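Peer 1: Residue numbers (the numbering used here), protein chains in the order written: chain A, 1 to 166; chain B, 167 to 332. Using N, Cα and C, we set each Cβ at its ideal position, and we do this for glycine too. Because the structure is a prediction, the values reported are computed rather than measured. Mind having a look at this structure? Questions to follow.
Protein chains: 2
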Amino acid sequence: MPGKKASPKRRSGCPLNASVEILGDRWSLLIIRDMMLRGFRTYKEFLGSYEGIATNILADRLRKLIAHGIITTEKNPSDGRKVIYSLTPKGIDLAPVLTEMVLWAAAHEDTANQALVHAMRKDKEKFTSAIRQRWAETARAPKRFRSLRSQRLRDVDARSARRRQH
Amino acid sequence: MPGKKASPKRRSGCPLNASVEILGDRWSLLIIRDMMLRGFRTYKEFLGSYEGIATNILADRLRKLIAHGIITTEKNPSDGRKVIYSLTPKGIDLAPVLTEMVLWAAAHEDTANQALVHAMRKDKEKFTSAIRQRWAETARAPKRFRSLRSQRLRDVDARSARRRQH
DNA sequence: ATTTTTACTTGCATTTTGCAAGTAACTTGT
DNA sequence: ACAAGTTACTTGCAAAATGCAAGTAAAAAT
């Protein structure tokens with residue numbers, strides 16, 4: 001397998017350890033969520049997400065996700081300021097991880113977003129393949145991300161407006 | 167639902183955010199792994215695990231996992247020094263999360279433990295229910311944890327001996 | 001030409017992590 | 001009974017990661 005490279009200093013060869021070293025922080029998976037479920041593709045969108053990531057942390061996490069081959073960047077040809085972030089196949093493959101984490105929390109913690117949870121619980125396979133499908137579409141036509149609306153993270157959708165002003 | 171309590175200050179109601187706030191660090195899921203897959207139940211065993219967690223961090227993580235209802239403690243009646251840690255149903259329900267994280271890393275990173283990965287990939291349902299089953303057994307008879315041997319994390323099993331001496 | 005937008009970087013305080021060295025309660029060996 | 005482990009931690013301190021506010025450069029809009 002050509003793409004598989006071992007990180008120079010990993011604590012162990014255990015696959016779970018690899019996952020935890022790559023994704024085990026408070027922000028990386030939320031960025032993936034925003035891309036996968038909300039169709040976010042720009043720095044500004046990530047910054048505006050409800051949980052309120054700090055700009056330096058966001059830059060750092062995006063850099064690391066790129067380094068791990070989970071996302072890629074390209075310039076927006078119609079607007080030279082914008083950088084478009086996309087999920088790679090490796091990134092899209094995180095859908096099942098995300099799904100299980102959502103279902104676990106929904107089952108055991110007090111959380112919002114019942115619509116999303118129901119959709120996931122009803123048919124995991126269908127849900128993850130829908131994400132895959134939708135992402136493949138938007139890769140060609142980056143604008144349309146409408147079809148997921150009804151299943152989106154409502155509380156996050158509600159107001160992305162809680163960002164610190166300066 | 168009686169058991170579901172919201173953490174006082176959570177960044178958002180999104181279930182993924184809840185998971186990430188509870189499990190999103192470099193150690194918590196490794197402790198769960200050691201309990202679930204290796205049958206570890208004491209502080210000393212966790213300390214000796216291959217990745218080499220620091221003792222103060224371990225104490226902190228165990229405290230937090232208890233606070234979140236993922237594990238519980240009881241004293242070993244035959245040896246008053248020992249504390250026995252056990253997974254709660256909430257903790258056992260992390261098996262699918264763990265499984266997907268293992269499969270993701272196995273697919274995209276250079277990792278060891280092909281036996282475990284094959285077993286998981288072949289039949290996820292079977293694997294997680296086997297863990298559930300096995301844990302239910304060991305809850306009654308804490309000693310026997312033999313049946314998982316063949317599927318265990320080999321590199322972790324290999325030598326738990328790399329602990330810093332002082 | 002000036003202002004605004006976008007994607008960042010920089011500096012600094014706070015928090016978390018990691019390492020080494022204790023310590024208290026209990027058990028084991030003599 | 002008593003010294004010597006064992007076990008499950010705690011404490012102190014240095015290093016790294018995080019979070020906040022402010023700044024900057026390039027491109028676009030006015």
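Using a Cβ-Cβ distance under 9 Å, would B/W270 count as near chain A?
Peer 2: Answer yes: the Cβ-Cβ gap between B/W270 and chain A drops below 9 Å somewhere.
Peer 1: Apply the 10 Å Cβ neighbour rule to B/E122 and answer buried if 16 or more other Cβ atoms are within range, or exposed otherwise.
Peer 2: For chain B, the structure presents residues 167 to 332; residue 122 of chain B sits outside this window and is missing.
Peer 1: Which residues, in chain order, does the stretch 256-289 of chain B contribute to contact with chain A at a C-beta distance below 7 Å?
Peer 2: Answer in chain order: K256, D259, L260, P262, V263, L264, E266, M267, V268, W270, A271, A272, A273, H274, E275, D276, T277, A278, N279 and V283.
Peer 1: In the DSSP output, which residue or residues are listed as bridge partners for B/I250?
Peer 2: Paired residue(s): B/E240.
Peer 1: Which residues in chain A have a C-beta closer than 8 Å to the C-beta of B/R177? List them in chain order.
Peer 2: Neighbours of B/R177 on chain A, chain order: Y50, E51 and G52.
Peer 1: Would you kindly work out how many angstroms separate the C-alpha atoms of A/N17 and A/R41, rounded to a whole number?
Peer 2: Rounded to whole angstroms, A/N17 to A/R41 spans 28 Å at the Cα level.
Peer 1: Going straight from the alpha carbon of A/W135 to that of A/S86, what length do you get?
Peer 2: If you take the alpha carbons of A/W135 and A/S86, they lie about 9 Å apart.
Peer 1: For A/D60, which option in A/W27, A/I92 and A/E45 has the closest C-alpha, if you only look at C-alpha atoms?
Peer 2: Comparing Cα positions, the closest option is A/W27.
Peer 1: Name the chain B residues that come within less than 8 Å of A/A130, Cβ to Cβ?
Peer 2: By Cβ distance, chain B contributes nothing, its closest Cβ being about 17 Å from A/A130, past 8 Å.
Peer 1: Check B/S185 in the structure and name its three-state DSSP category.
Peer 2: DSSP places B/S185 in helix when its eight states are reduced to three.
Peer 1: Which value, in whole angstroms, describes the spacing of the CA atoms of A/E74 and B/F212?
Peer 2: Taking the straight line joining both Cα atoms gives about 44 Å.
Peer 1: Quick one: give me the first and last residue of the alpha helix (DSSP H) that B/E211 is part of.
Peer 2: Start and end: Y209 to G214.
Peer 1: Note down the Cα distance separating B/F220 from B/K210, rounded to an integer number of angstroms.
Peer 2: The sequence as given places Ala at residue 220 of chain B; Phe does not occur at that position. Their Cα atoms are separated by approximately 11 Å.
Peer 1: Measuring CB to CB, does A/K82 end up less than 9 Å from A/I22?
Peer 2: Result no, Cβ atoms of A/K82 and A/I22 do not sit closer than 9 Å.
Peer 1: Given that B/N372 touches chain A, what residues does it touch there, using C-beta distances under 7 Å?
Peer 2: Beyond the ends of chain B as shown, which are 167 and 332, falls residue 372 of chain B; an answer cannot be given.
Peer 1: Just mark A/N113 as buried or exposed, buried being the case when its beta carbon has 16 or more other beta carbons within 10 Å.
Peer 2: By the 10 Å Cβ count, A/N113 comes out buried.
Peer 1: Can you tell me where the alpha helix (DSSP H) holding A/W104 begins and where it ends?
Peer 2: Its alpha helix (DSSP H) spans residues A95 to H108.
Peer 1: Would you call B/S178 buried or exposed, if buried means 16 or more other Cβ atoms sit within 10 Å of its Cβ?
Peer 2: Classification for B/S178: buried.
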